[in-house]
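Below you'll find the structure, written out as structure tokens, and then a few comments.
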Amino acid sequence: MDAGVKNNVEAVRRSKEDKKVLRKQLKASHTLLKHEGISTVPQPTKSLVVANGGLGNGVSREELSAALKEMGELETLIMHPHKPYAFVTYRSEECARKAHIQLNGEKLQCGENSVTLYLSYVNSVTCEEEVSVLLPEGLVLVEDFVSPEEEALLLAAIDWSSTNDDVTARKALKHRRVKHYGFEFRYDSNNVDKGKPLAAGIPQDCLPVLERCVKNKHIDILPDQLTVNQYESGQGIPPHVDTHSAFEDTILSLSLGAKTVMEFRHPDGRLVAVVLPGRSLLVMKGESRYLWTHGITPRKFDMVPACDPQSPASTTPDISSYSSLTLSKRGTRTSFTFRKIRHEPCGCAFPSACDSQGAPSAPLPPSAPSLPCCHADAALLEEEYVHRVYDAIASHFSSTRHSPWPRVCHFLSSLPAGSVLADVGCGNGKYLGVNPEVIAVGCDRSSALVQICGERGFQAFVSDALSVPLQTASCDACISIAVIHHFSTQERRLAAVRELVRLLKPGGQALIYVWAFEQEHNKQRSKYLKDQSKEHPENHSPTENTQPAGDSQEPHGKSSIHTSRHLEDNNRPVDNIQGVIDGKLSVHTNRTAFNTQDLLVPWHLKEGKKTVEEESREGGKKDKRKEKSKKTLGNTCSAYSSSSIAKLDCNPDPSPGFLSNVCFGSGLDTSVSTHSPDSKPSASCDTTQAPSSALKLESESSPAPVFHRYYHVFQQGELELLCGQEAGVKVQSSYHDQGNWCVILVKDLER
């Protein structure tokens, strides 16, 4: 090929690339206007918006700033929390013009990932005023409490190579390494055996530090118990309140090595995230020790301020109003937590959280399951704690699912006539008839719920949500409402998203709803929490089954953080916030704020005074749907609740595993039916229906069963990051809707 032809080929290739970049740039501008209200302008200005160059998609301030500074001197660079874009203002219009030409369509390497930048001009950039919030009462952070020399001495005092568990009670937990001194903290009972001190007391090298704590009045008496935790990057500890009956009031936590973010959460949902720099001392007393949970979310990066906010020691900058942010990679951190063993019952001012004063607990299944460690374990967990439960409660569940949510209806109503819609995890089919102009089909893992769909005149079939028997690219739209949160591993949740994307035609849309960890939004509680105080302020389990109402359009409410240098990042993947003690899942107390991401949620069947047969004789004919369902399903357990009666017709050969999921008359309010917002069965493996003859209720004195359903509740930004891992699809918009995180995905036209 001669030089002239080669040059022409190169020119054509460059022209095609330029046109592609222009299309992408225009598309990014349109998306910013439609979903963020950011107007771009065609004429050059000093300011630009950088699409794909935000903290929300893993770009740090340093990485973006370095690329932008090559084009000229910067005036400002603003990176808002959780946003996939940034704003830059140059000293001159000429520099901005150069950046617009040179950086558009360029790839920026961010750690192991790369992003493609698209820049557009904007007239002006506004920076919100930064505000601060109060720290939890009784919480004090003392930076640089130990010197670098003391830090090295303390770290050397801990011998991780020792295997003598009788001396230091060394443990290898899922998210960290642990050693105990003085007394062992037992994770199976969340307490200490006060009559069995360990051979190894608190190391001598710790005594000068503790004596300084007493001298500075951080604590009144020397502690006698030490727990050393070592965290690698990406590891954390579940949020928890140190057991009241085990330890006295003051708790000291010394952070050595890398800095991290510790999150404090009030039972009403308020969150304060505190950055713990290396060599800092955290002192917890009073309310911050007894009432607020504290924990460290497992992740490899934290969102932090890029400069020092000038905040008083008793306040913390609010991340939602902070604009000078960056990402900070975590390293290895070792914490020394010092506590004093309590020998008398706790008499604190927080009886609702105090085990000494009889704080209530949720009903526990006879054998609490563990978080799965492999695909097979996950399938078994979901079979027992999702599929079988929903088959058993299908009719009762359906009776509480009758009102479609407004924003889901808006999505469905916006679909053009003739569109093909797939509702994956359709439950009782309440969304299949919203838009009569579309061709709607549903599928669900529960054959009992699919049967109800058929009785209501809807097209539905039994299917695994990870393998829907529909052709690839056959649907104009898909919805997945309250389904993906029932998958018990990150890989399976991603596979569920991938299956939705597979079904979509290029340009098709998918709407996904999952239950949110954050049930308080913009200082307003979701209906799930509000019903507690409105109906039963003294009890966490109201008598009515409720679902979210309203049509929230705002992003998630504010979260906050304390330090002069760092902020929290809720926009990274999270393994588990809390609740898995010694590998076991905890049971959530209904109508309360979450303190764990992986949990079991009780479903209470109402206790009837008469059998179904007695009710039938007094009331005439049975409900036709129930009778038909009973005849058709055979081995499928059905639960009826419209007349406050529970009956489960079952196969005479019950599964022992399934029975372990059901409690009778234990815990709180077993005579009421309480559950989560619009929860549904997921679909994940082909197994048999749940037999359970032992659950049949025949007498007035029979206790009501309590079923436990597995959930992974999502943190802010987690759903967007999950969807962002699937190639060929973009998050068009995301929002918080009455205690749920929601996204609308769009499949690329090029796929």
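The sequence shown: position 632 = 632 (the numbering used here), numbered continuously.
The C-beta atom is built at its ideal place from N, Cα and C for all residues, glycine as well.
{"Asked": "Count the other CB atoms within 10 Å of the CB of Arg23; is the residue buried (16 or more) or exposed (fewer)?", "Found": "exposed"}
{"Asked": "Please identify the residue among Asp737, Ser280, Ser352 whose C-alpha is closest to the C-alpha of Asp144.", "Found": "Ser280"}
{"Asked": "One question on the structure: do Ser253 and Leu282 come within less than 8 Å of each other, judged by their Cβ atoms?", "Found": "yes"}
{"Asked": "Using DSSP bridges, identify the partner residues of Glu263.", "Found": "Ala273, Gly295"}
{"Asked": "Can you check which of these residues, Ile221, Arg525, Ile237, Ala440, is closest to Thr227 by C-alpha distance?", "Found": "Ile237"}
{"Asked": "Which one of Glu248, Val41, Leu32 has the shortest CA to CA distance from Asn52?", "Found": "Leu32"}
{"Asked": "When you compare each of Gln25, Asn190, Asn740, His240 to Tyr290 by their alpha carbons, which one comes out closest?", "Found": "His240"}
{"Asked": "Give the C-beta separation of Pro345 and Ser352 to the nearest angstrom, bearing in mind that I take them to be a contact with Cβ-Cβ under 8 Å.", "Found": "The Cβ separation is near 16 Å, so there is no contact."}
{"Asked": "Express the C-alpha separation of Ser47 and Glu93 in angstroms, rounding to a whole number.", "Found": "8 Å"}
{"Asked": "Need the endpoints of the alpha helix (DSSP H) that Val408 sits in, please.", "Found": "406-413"}
{"Asked": "At the level of alpha carbons, what is the spacing between Val713 and Lys215?", "Found": "44 Å"}
{"Asked": "Can you check which of these residues, Glu106, Leu119, Ser114, is closest to Ala86 by C-alpha distance?", "Found": "Leu119"}
{"Asked": "Taking the beta strand (DSSP E) that Asp377 falls in, what are its first and last residues?", "Found": "Note, Asp377: premise wrong, no beta strand (DSSP E); alpha helix (DSSP H) at 375-382."}
{"Asked": "Within this structure, are the beta carbons of Leu77 and Val59 separated by less than 8 Å?", "Found": "no"}
{"Asked": "Along the chain, where does the alpha helix (DSSP H) containing Leu141 start, and where does it finish?", "Found": "Note, Leu141: premise wrong, no alpha helix (DSSP H); beta strand (DSSP E) at 139-142."}
{"Asked": "Classify Glu455 as helix, strand or coil using the three-state DSSP reduction.", "Found": "helix"}
{"Asked": "Is the distance from the Cβ of Gln716 to the Cβ of His82 below 8 Å?", "Found": "yes"}
{"Asked": "When DSSP labels each residue in this structure, what does His566 get in the three-state scheme?", "Found": "The pLDDT assigned to His566 is 30, lower than 50, so where the model puts this residue is not dependable; a value taken from the coordinates is nonetheless given after this. The answer is coil: DSSP assigns His566 none of H, G, I, E or B."}
{"Asked": "Can you tell me where the alpha helix (DSSP H) holding Val214 begins and where it ends?", "Found": "207-215"}
{"Asked": "Pairs of beta-carbons, one from the stretch 241-251 and one from the stretch 487-503, closer than 8 Å: are there three or more?", "Found": "no"}
{"Asked": "Mind checking which residues open and close the alpha helix (DSSP H) that includes Phe397?", "Found": "388-399"}
{"Asked": "Indicate whether the contact test is met: 3 or more Cβ pairs, each with one atom in the stretch 461-468 and one in the stretch 396-413, closer than 8 Å.", "Found": "no"}
{"Asked": "State the DSSP-derived secondary structure class of Ser533, mapped to helix, strand or coil.", "Found": "Note that Ser533 scores 45 on pLDDT, short of 50, meaning its location in the model is unreliable and no value can be drawn from it."}
{"Asked": "What are the boundary residues of the alpha helix (DSSP H) that includes Gly58?", "Found": "From DSSP, Gly58 is part of no alpha helix (DSSP H); its letter is neither H nor E."}
{"Asked": "Pick from Phe338, Met303, Asn191, Ala465: whose alpha carbon is nearest that of Leu325?", "Found": "Met303"}
{"Asked": "Residues in its own chain within less than 7 Å of Leu415 by CB, not counting five upstream and five downstream?", "Found": "Leu421, Asn435, Val438, Asp476, Ala477"}
{"Asked": "On a CA-only basis, which of Ser474, Gln451, Leu466, His218 is nearest Ala440? Give me that one, please.", "Found": "Ser474"}
{"Asked": "Could you compute how far the alpha carbon of Leu134 sits from the alpha carbon of His218?", "Found": "20 Å"}
{"Asked": "Mind pulling the alpha helix (DSSP H) runs of 4 or more residues that sit fully within the stretch 28-115?", "Found": "61-69, 93-103"}
{"Asked": "For Glu700, count neighbouring Cβ atoms within 10 angstroms of its own Cβ and tell me buried if that reaches 16, exposed if not.", "Found": "Low confidence applies here, because Glu700 scores a pLDDT of 36, under 50, leaving its location unreliable and the question unanswered by this model."}
{"Asked": "Can you grab the Cα-Cα spacing for the pair Phe301 / Glu62, in whole Å?", "Found": "14 Å"}
{"Asked": "When DSSP labels each residue in this structure, what does Phe461 get in the three-state scheme?", "Found": "strand"}
{"Asked": "Would you list the one or two residues that DSSP bridges to Gln225?", "Found": "Arg339"}
{"Asked": "Is the CB-CB distance between Ser233 and Gly111 below 8 Å?", "Found": "no"}
{"Asked": "Reducing DSSP to helix, strand and coil, say where Gly810 ends up.", "Found": "Outside the shown range of the chain, which is 1 to 751, sits residue 810, and nothing can be said about it."}
{"Asked": "Measure from the alpha carbon of Arg91 to the alpha carbon of each residue in Leu64, Thr45, Leu55, then state which is nearest.", "Found": "Thr45"}
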